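2 protein chains.
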Amino acid sequence: MNKKNCMVAQSGGPTATINASLAGVISGTMHSQAYDTVYGSVNGILGILHDNILNLSDLIEKDPSNLETLKHSPAMYLGSCRFKLPDFMDDDSSYNYIFKQFEKLNIGAFFYIGGNDSMDTVLKLSNYAKRIGSDICIIGIPKTIDNDLMVTDHTPGFGSAAKYVASSLLEIAHDTFIYAVKSVTIVEIMGRDAGWLTAAAALARNQYSDAPHLIYLPETDFDKDRFLTDVKECLRVRNNIIIAISEGIHDAAGNYINAGESQEDSFGHSQLSGAGKALEYLIKDNINVKVRSVEINVLQRCAAHLSSKTDLDEAFALGEKAVALSEDGVTASMVTLERTSNSPYTVAYGSAEIKNIANEAKSVPREWINEAGNDVLPAMLEYLAPLILGEPDITYQNGLPVYMDVSHLTAIE
Amino acid sequence: MNKKNCMVAQSGGPTATINASLAGVISGTMHSQAYDTVYGSVNGILGILHDNILNLSDLIEKDPSNLETLKHSPAMYLGSCRFKLPDFMDDDSSYNYIFKQFEKLNIGAFFYIGGNDSMDTVLKLSNYAKRIGSDICIIGIPKTIDNDLMVTDHTPGFGSAAKYVASSLLEIAHDTFIYAVKSVTIVEIMGRDAGWLTAAAALARNQYSDAPHLIYLPETDFDKDRFLTDVKECLRVRNNIIIAISEGIHDAAGNYINAGESQEDSFGHSQLSGAGKALEYLIKDNINVKVRSVEINVLQRCAAHLSSKTDLDEAFALGEKAVALSEDGVTASMVTLERTSNSPYTVAYGSAEIKNIANEAKSVPREWINEAGNDVLPAMLEYLAPLILGEPDITYQNGLPVYMDVSHLTAIE
């Protein structure tokens, strides 16, 4: 059999396990009869356009332990981009160049690891391939901490972010409970349109702590009066209230809840803050209680030291699955996870046509949120619980986790 | 020998290893010939005043594995307080009550685990004991992520916070390097008056990443024009700049760099933000570059899952040391760490008179900061490096770290 090569790229925002899918693709091609070399395009599709392409087979052959290190390294080893391909009916020049590059490198399959926007790229490349009669397989591999991709039961990267959020909420609860004075702590969690990750805060609850006591997702409208009533009600029976909110909470008119322009900072400049700060000041002005807001920052998407082993293993397996499917000629598709059982938790790896996935988004079902819109229901917890299970073996050196050398990304353009 | 009992309490802000010192005190008393039962005062000195006292010997006897779980649990198992004892020359009523409680429980030694304010309590109780001729030993056990206590080489809790900060900076670097567009990321780290913890960000540097590229501590004056020049200079040779700043950076007049009152948030309320936001907007207004600020939140002091084993072991040993010293009649003191060698790193456990420690603060030496005031020097890194070494074995259940049940803290007063 005349072996071809294949190519992989990563796009969108970071996750803790997006490199596990990359490692899965590399591992899949190394064990494949169909492929010889696997190339990596640096900064998503831009790498192909700018001739910035790495030989990933070499990287692993040079030092096989790189595969394991790669699997556990956060963010994109290959870098990312926010580049949206134009419609090829308007302008096919970039498509033309991309497929010429594919031809030059004898590419048989292209794998694109990413979220919603990246699946749009997969769809466009697939359509273009069909149009020009190319037999190059184009397959998307999902990743996003937002968990908002259609068809797949969940997305790689989400379980690790959920584990980080739940673990952080538990540690913040310990931090909060120490003072015997009434207090409110608001924790703002990523998720502009979908509340999956904020819902994961509920996994922090255990036999001694029911924090977070209130949870607000963007799937329901936020009402400030009802919110203040909720908080006062909680404070009647507890000293320390912890509230989890999505960054994307909004009122019934669709306006985001956030803090606006400032006019008097140290340098006289303007500023914008998020929903957490806005609610902090809403409470400060209306309830006589100690209050603070905490923004769970970018670490929720890149703290690979606390990733979920379940998530890592699934992300890796999806990378291998994509390679296997391409060997069977599958194209214009995204690999998917299907939950075949919840207890014990098992998944099947499959695929779905990309046209049913790209440019659609999956929200938290309203029936998994309580009627008052201030908590999630048991069905939500049942769905979430298996996704955060298991801890990877992380190697530490000088007290810090060992990750892949990404100096190829830091060179000046 | 007629056995006495002893008592321990915790005070001030949380750390990841303050319970390791508590476990050390319990372990020390369990192996002691001098003490029978060890009691814990809930919410610092307030527990004695409010009759809220736990039997810690029982806790461990009931389930010996509690000692190990306690050692790894964040924040104060016994709760905390921000209560400052009055001068007993003005009002000795609380002193009178405290020592009556000590007598009632047959207390031979009282251990107070805390930071600067807590050592003020140790000093006052010691002076009062001397005045009334009590032979109860009063010993302080240091803890603070600020690392600003005198005499001791460093403070328990600092090493774990430093490990968290360095690890976070490394993960944020991976997160930042993925886009091939110029960007500045400002990371705000705790430390109002001392820059030790912010300096620890420099430990994130390795063979492939020199982030953070700029570091500003409160030990030097912050000048916004010099800062903008520094940033522009960095952007000339790199795409993605990461800057670590202490929350307490201030100008030459002593004014904190922060963002002031906002007037237009969603609810028309005012707000205040920190130095990170202020610098984010300073850059936005002066340099044409993508910029964001990240506040390393309360997790830097309570993320016990990422604590330093060196720190945990030292915190535990200091608890045991305090018990041993009290058996020898040492009082009016704080246990200390003396670094006897840096390579290999070794420490000796000793003690110092509390009057030389209370109400004093230790800053980063100016000679460990570069002349420009925008980085730390190798001597600083040599000092810091051993403190973050080693990872504890953390038990996970349902995907989350297992910590001590603190339901005794959440009951309404």
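Top line first, the protein sequences correspond to chains A and B. If you're matching positions, the first sequence starts at 1 in this note's numbering and goes up one per residue. If you're matching positions, the second sequence starts at 1001 in this note's numbering and goes up one per residue. Yeah, the Cβ is synthetic: ideal placement off N, Cα and C, and Gly gets one too. Since the model is a prediction, treat every value here as computed from it, not as a measurement.
query, result
"Neighbour-count burial assignment, B:Arg1131, 16 or more Cβ in a 10 Å radius", "exposed"
"Assigned secondary structure, A:Ala9 (DSSP; H/G/I helix, E/B strand, else coil)", "strand"
"Beta-carbon proximity list for A:Arg238, same chain, < 8 Å, skipping 5 on both sides", "His213"
"Short Cβ contact (7 Å threshold) for A:Ile113 with A:Gln33", "no"
"Chain B within 7 Å of A:Thr341, Cβ atoms only", "Before going further, note that residue 341 of chain A is Ser rather than Thr in the sequence given. Not one chain B Cβ lies under 7 Å of A:Ser341."
"Which of helix, strand or coil DSSP assigns to A:Gln207", "coil"
"Beta-carbon neighbours of B:Ile1178, restricted to chain A and to distances below 7 Å", "Pro14, Ala75, Met76, Gly79, Ser80 and Leu409"
"The segment 1198-1205 of chain B in contact with the segment 1150-1165 of chain B per 3-pair CB rule at 8 Å", "yes"
"Own chain residues within Cβ distance below 8 Å of A:Tyr97, not counting five before or after", "Ile48 and Leu49"
"Where B:Asp1092 falls: helix, strand or coil (DSSP)", "coil"
"Under 7 Å by beta carbon: chain A residues contacting B:Ser1168", "Leu299"
"Residue interval of the alpha helix (DSSP H) (run including A:Ser341)", "Counting along the chain, A:Ser341 falls outside any alpha helix (DSSP H), though it belongs to the beta strand (DSSP E) covering Ser333 to Asn342."
"Contact set between the segment 1228-1239 of chain B and chain A, restricted to residues whose Cβ is under 8 Å from the partner", "Val1237, Arg1238 and Asn1239"
"Distance between A:Met7 and A:Ile26 (C-alpha atoms, nearest Å)", "10 Å"
"Nearest neighbour of B:Val1402, chosen from A:Pro74, A:Asp230, A:Tyr208 and A:Glu382 [CA to CA]", "A:Tyr208"
"Local Cβ density within 10 Å of A:Val42, reported as buried at 16 or more and exposed below that", "buried"
"Neighbour flag for A:Ala161 against chain B, beta carbons, 7 Å", "no"
"B:Tyr1345 vs B:Lys1321 beta-carbon contact at 7 Å", "no"
"Segment contact, 8 Å Cβ cut-off, at least three pairs: the segment 334-342 of chain A with the segment 183-196 of chain A", "no"
"Assigned secondary structure, A:His250 (DSSP; H/G/I helix, E/B strand, else coil)", "strand"
"Residues within the segment 1082-1113 of chain B neighbouring chain A, beta-carbon criterion of under 9 Å", "Arg1082"
"Residue range of the alpha helix (DSSP H) that includes B:Lys1232", "Lys1224 to Val1237"
"B:Met1150: CB within 6 Å of a non-hydrogen atom of the ligand ATP", "The ligand ATP is not part of the structure shown, which contains no ligands of any sort."
"Contact between the segment 95-110 of chain A and the segment 278-286 of chain A (3+ Cβ pairs under 8 Å)", "no"
"Alpha-carbon spacing of B:Arg1226 relative to A:Asp313, whole angstroms", "48 Å"
"Own chain residues within Cβ distance below 8 Å of A:Asp153, not counting five before or after", "Thr336, Leu337, Glu338, Arg339 and Val347"
"C-beta neighbour in chain B for A:Val294, strict 7 Å", "yes"
"Chain A contact for B:Ala1315 (CB, 7 Å cutoff)", "no"
"Candidates B:Ile1060, B:Glu1068 and B:Asp1051: closest to B:Phe1099 by CA position", "B:Asp1051"
"Distance CB(A:Ala166)-CB(B:Leu1400) smaller than 7 Å", "yes"
"Close-in-space but distant-in-sequence residues of the same chain around A:Ser368 (CB under 7 Å, 5 per side omitted)", "Reading off the sequence, residue 368 of chain A comes out as Trp, not Ser. So the qualifying residues of the chain are Val376, Leu377, Ala379 and Met380."
"Chain A within 7 Å of B:Asp1405, Cβ atoms only", "yes"
"Per-residue burial, B:Tyr1288 [other beta carbons within 10 Å of its own, 16 or more giving buried]", "Tyr is not the amino acid found at residue 1288 of chain B; the sequence shown has Asn there. Classification of B:Asn1288: exposed, given that the 10 Å Cβ count is below 16."
"Three-state secondary structure (DSSP) of B:Thr1152", "coil"
"Beta-carbon proximity of B:Gly1157 to B:Ser1246, cut-off 7 Å", "no"
"Among B:Ala1173, B:Glu1233, B:Ile1145 and B:Cys1137, the one whose alpha carbon lies nearest that of B:Asp1116", "It is Asn, not Asp, that sits at residue 1116 of chain B in the sequence shown. Per the Cα distances, B:Ile1145."
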